[in-house]
Structure formats: C-alpha cells, structure tokens
Amino acid sequence: MEKLRVREDVLRLKALISEPRNLRVRNEAEEYLTQLQELGFRIEELEKRLESKDSGVSYKRKKQMVAILRSGKKTSTEIGRILKISRTRSSEYLNGLEKDGIVMSVRVDRKKYYSLKGESL
Amino acid sequence: MRRVLGVLSGKGGVGKTTVSTNLALAMHNLGEDVVVVDADLKNPTLGIQLGVFDYDNTLHDVMEKGLPLLEAMYIHKTGLKFVPSHVSLTYLGVDSSKLKKVFEEAYFTSIIDSPPGLGNEALSVMEVCDEALVVTTPSLPDVAGAMRTIEVAKSMGVVIKGIILNKVMKKDYEVTASEIEAVTGTPVIKVIPWDETLLRSLSYKQPVVEFNKYSSSAMSFYELASKLTGVEYSRPSLAKLKSMFKLMGNKL
Numbered sequence: 001m002e003k004l005r006v007r008e009d010v011l012r013l014k015a016l017i018s019e020p021r022n023l024r025v026r027n028e029a030e031e032y033l034t035q036l037q038e039l040g041f042r043i044e045e046l047e048k049r050l051e052s053k054d055s056g057v058s059y060k061r062k063k064q065m066v067a068i069l070r071s072g073k074k075t076s077t078e079i080g081r082i083l084k085i086s087r088t089r090s091s092e093y094l095n096g097l098e099k100d101g102i103v104m105s106v107r108v109d110r111k112k113y114y115s116l117k118g119e120s121l
Numbered sequence: 122m123r124r125v126l127g128v129l130s131g132k133g134g135v136g137k138t139t140v141s142t143n144l145a146l147a148m149h150n151l152g153e154d155v156v157v158v159d160a161d162l163k164n165p166t167l168g169i170q171l172g173v174f175d176y177d178n179t180l181h182d183v184m185e186k187g188l189p190l191l192e193a194m195y196i197h198k199t200g201l202k203f204v205p206s207h208v209s210l211t212y213l214g215v216d217s218s219k220l221k222k223v224f225e226e227a228y229f230t231s232i233i234d235s236p237p238g239l240g241n242e243a244l245s246v247m248e249v250c251d252e253a254l255v256v257t258t259p260s261l262p263d264v265a266g267a268m269r270t271i272e273v274a275k276s277m278g279v280v281i282k283g284i285i286l287n288k289v290m291k292k293d294y295e296v297t298a299s300e301i302e303a304v305t306g307t308p309v310i311k312v313i314p315w316d317e318t319l320l321r322s323l324s325y326k327q328p329v330v331e332f333n334k335y336s337s338s339a340m341s342f343y344e345l346a347s348k349l350t351g352v353e354y355s356r357p358s359l360a361k362l363k364s365m366f367k368l369m370g371n372k373l
C-alpha cells in the first residue's frame with residue numbers, strides 16, 4: 001500500500017500552482033529554433049533573388065524597395081515619391097522585381113499595388 | 122464509437138470529478154474503452170485525484186497550440202485513459218470556446234469533467250456533449266443549481282441521462298431522490314452514499330473504485346457504470362466484510 005503523504009502532496013501542489021510555464025518554455029524554444037532555421041533559409045533564398053541580375057535593377061535598389069514594401073502594399077507612384085525617382089522609373093524597377101519573383105502585383109481599379117511575395121519575408 | 126458524456130453540476134463541490142474519475146474507471150474495468158477529460162480549465166483536479174500533478178501536454182496545450190488530443194492523453198496505472206489540465210495559474214486565460222474544435226476529432230467514448238455552474242467554460246462543455254449526467258448533493262442549494270443546469274443543458278440539445286445524487290447520508294433534512302425527480306422531471310439514476318473510504322482514497326490519490334472496490338461508494342460507481350454500458354455487474358457477496366478487511370489492510 002502506498003504511503004500517505006498528504007503534507008508533501010499539498011506542498012508540491014502549491015509549488016505547481018504558482019509555477020511558470022517551464023515545460024512549455026522548452027517546447028517553445030524548440031519551436032523558435034525551427035522558425036529561425038526556416039527564416040534563415042528564406043533570407044538565403046531572398047538574397048539569391050536580390051543578387052540576380054536578370055532584371056537589370058541594382059542590388060542596392062532592390063533592397064531599398066523590399067524595405068519599403070515590408071510596411072505593406074504600395075503603388076509605383078508612392079514608392080517613387082519615397083525613393084525620389086519618377087513613377088516610370090519606379091514602375092520599371094518594380095517590374096524587374098516582379099520578374100525576379102520578389103514582388104507581386106494586384107490591380108485594384110486603375111491602380112496597381114505591389115507587395116512582397118509571401119516567401120520573400 | 123464517438124460518445125461524449127458530460128458530468129455537469131450547478132454548484133461546485135458536489136463531486137463531479139470524483140464521479141467522472143470513478144465512473145470512467147468502473148466503465149474501463151467493465152471492458153468499455155473510455156477516456157476521462159478534465160475540462161475544468163480554471164480549477165482542474167482530475168490529475169490530483171489520479172496522483173499525477175504535472176504533465177508535458179494537457180488539454181490547455183491542445184486548445185492553445187492546436188495539438189491533437191492524443192498528445193495530451195495519458196494512461197493511468199489502472200489502465201484508465203485520461204486527459205488532464207494544468208494546475209498552474211498561468212493557464213487561466215485559455216479560451217474555452219476552442220473545446221468544440223478539440224472534440225471534433227474525438228472518435229472514442231469520453232467522459233468530460235465539467236466546471237461547475239453556467240459560466241462560459243461550462244457552456245462550452247455543454248456544447249460538445251451528446252449527453253450528460255448532472256451531479257448534486259441532497260442539499261437545497263445544490264438541487265437548485267442542478268435544476269438550472271438541467272434546463273440550460275436541455276435548451277442546448279444535450280440529452281440528460283439522469284441525476285447522480287451524491288454524498289447521501291439518509292438524514293431527515295436531506296432532499297430525497299423522489300423529490301428531486303419530481304421538481305426536475307429527470308430520473309435520479311444513482312444514489313451514491315456518503316463514504317469515508319472515498320475521502321481516504323482522495324488522500325491516497327487513488328479512485329475509490331481502485332482503492333477499495335468493496336466500499337459502498339465503489340460498488341455504486343460500478344452499478345452506475347453497468348447501467349450506462351449495459352455490462353452486467355452484481356455486488357460481490359460479503360462485500361461489507363471484505364471492505365472492512367481491505368480498510369484494515371490500508372491502515373497498516
């Protein structure tokens with residue numbers, strides 16, 4: 001027959017009731033590690049795309065555009081205004097990025113919005 | 122076969138967890154494949170009654186992280202399958218409405234230990250139940266709570282299998298089973314007597330069905346399990362004598 005340990009059990013429960021989610025922390029740490037690894041792969045992939053010279057847009061310019069588009073979808077005019085370049089030039093760059101698979105466009109009425117592709121961070 | 126049986130009550134302390142645990146174990150011992158789930162998310166005690174206090178995954182994690190229910194299912198040394206909840210206060214904020222999604226994947230007979238009353242957590246349990254047992258003691262406030270619970274559960278489409286009248290001491294001031302049946306319109310399907318062995322079993326962290334199967338409460342749980350499963354059970358002969366010997370053994 002198991003020994004009666006009422007006092008020990010009560011104290012153990014008291015500790016557990018106020019315990020932080022220590023077991024969950026371990027699981028979450030593993031999850032974060034996996035997420036970081038995935039993020040690493042995605043950054044590598046994006047770097048490759050940014051370095052591609054197919055579109056004729058410079059690496060620096062591509063990075064600027066990606067940084068701008070990370071805040072949400074924008075039109076070529078809005079991007080042009082931020083980068084202090086013409087709308088036509090901005091449109092050219094964005095078409096280039098679209099060709100490289102970094103951005104995607106959606107037409108809403110007469111405006112064309114550009115946003116980062118899902119896998120481009 | 123999927124069957125979700127809720128164990129409900131209008132008020133706390135009537136013995137829902139004790140009924141859930143012992144009924145599940147009695148059903149298991151009668152050959153039924155059953156899982157007991159602790160859905161009292163804010164004040165879980167099922168694990169404590171089974172003698173295991175902390176777990177890697179629980180129903181809280183299933184609901185929060187979307188884990189499969191099997192990830193939080195454990196097998197007690199008696200063979201009973203159970204899904205506990207965390208006792209830590211850091212899990213107080215779990216959204217009980219996710220319970221419905223959890224039970225969509227259940228393909229087995231489960232007994233859900235519900236929180237008391239008619240709060241959101243209890244209503245979430247009622248939402249997932251096909252049928253329910255309502256536990257009450259023979260005191261007026263508890264019976265009033267049971268009446269309210271039965272009305273709400275019925276309005277939510279839950280089939281009330283019956284009332285479990287718990288902790289009965291057969292005193293003249295107690296509300297009787299027939300009076301409860303008359304006011305609720307629901308049959309009292311089992312009367313569980315007040316039993317000190319049951320209190321003792323709680324301190325030993327064992328269901329009374331395992332602790333002393335000859336005790337009056339354990340035999341009542343077996344009879345209830347037999348009624349719900351259709352498997353035959355008859356009280357052992359000389360049960361009172363055997364119970365006394367068993368208790369003497371426990372005390373030694």
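Chains as they are written, first to last, in this note's numbering: chain A, 1 to 121; chain B, 122 to 373. All C-beta atoms in this analysis are idealised placements derived from N, C-alpha and C, irrespective of residue type, glycine included.
Whole-angstrom C-beta distance between A:Gly56 and A:Gly101, which should lie under 8 Å: Actually they do not touch by this definition, with Cβ atoms about 15 Å apart.
| said: Measuring straight from C-alpha to C-alpha, what distance separates B:Gln170 and B:Asp293? | reply: 31 Å
Self-check item: Coarse secondary structure for A:Ile102, derived from DSSP in three states
Solution: coil
Can you give me the Cβ contacts of B:Lys163 inside the same chain, cut-off strictly under 8 Å, excluding the 5 residues immediately before and after it?
Leu213, Pro236, Glu242
Notebook entry, point to check: Beta carbon of B:Thr257, beta carbon of B:Ala265: below 7 Å?
Noted result: no
Where B:Asp182 and B:Ser209 are concerned, what is the direct C-alpha to C-alpha distance, given to the nearest angstrom? 12 Å
- Message: Which same chain residues end up closer than 6 Å to B:Lys132 when comparing Cβ atoms and leaving out the 5 residues on each side of it in sequence?
- Response: Pro237, Asp263, Gly266
Note to self: Please report the distance separating the alpha-carbon of A:Leu121 from that of A:Val103.
What the structure shows: Low confidence applies to A:Leu121: its pLDDT is 48, below 50, so where it sits in the model is not reliable, and the reading given next is rough at best. Near 11 Å, if we compare the C-alpha coordinates of A:Val103 and A:Leu121.
- Query: At a CB-CB cut-off below 7 Å, which residues of chain A make contact with B:Ser324?
  - Reply: Leu4, Val6
How many angstroms separate the CA atom of B:Ser322 from the CA atom of B:Ile313? 15 Å
_Per DSSP, cross-strand counterpart(s) of B:Pro314_ = B:Val289
| said: Quick check: what's the CA-CA separation for B:Val273 versus B:Val128? | reply: 14 Å
A:Lys63 to A:Arg110, Cα distance in whole Å?
-> 27 Å
**Asked** Can you list, in chain order, the residues of its chain whose CB lies under 7 Å from that of A:Lys73, leaving out five sequence neighbours each side?
**Response** Tyr113, Tyr114, Ser115
Does B:Phe332 come out as helix, strand or coil in the three-state DSSP assignment? helix
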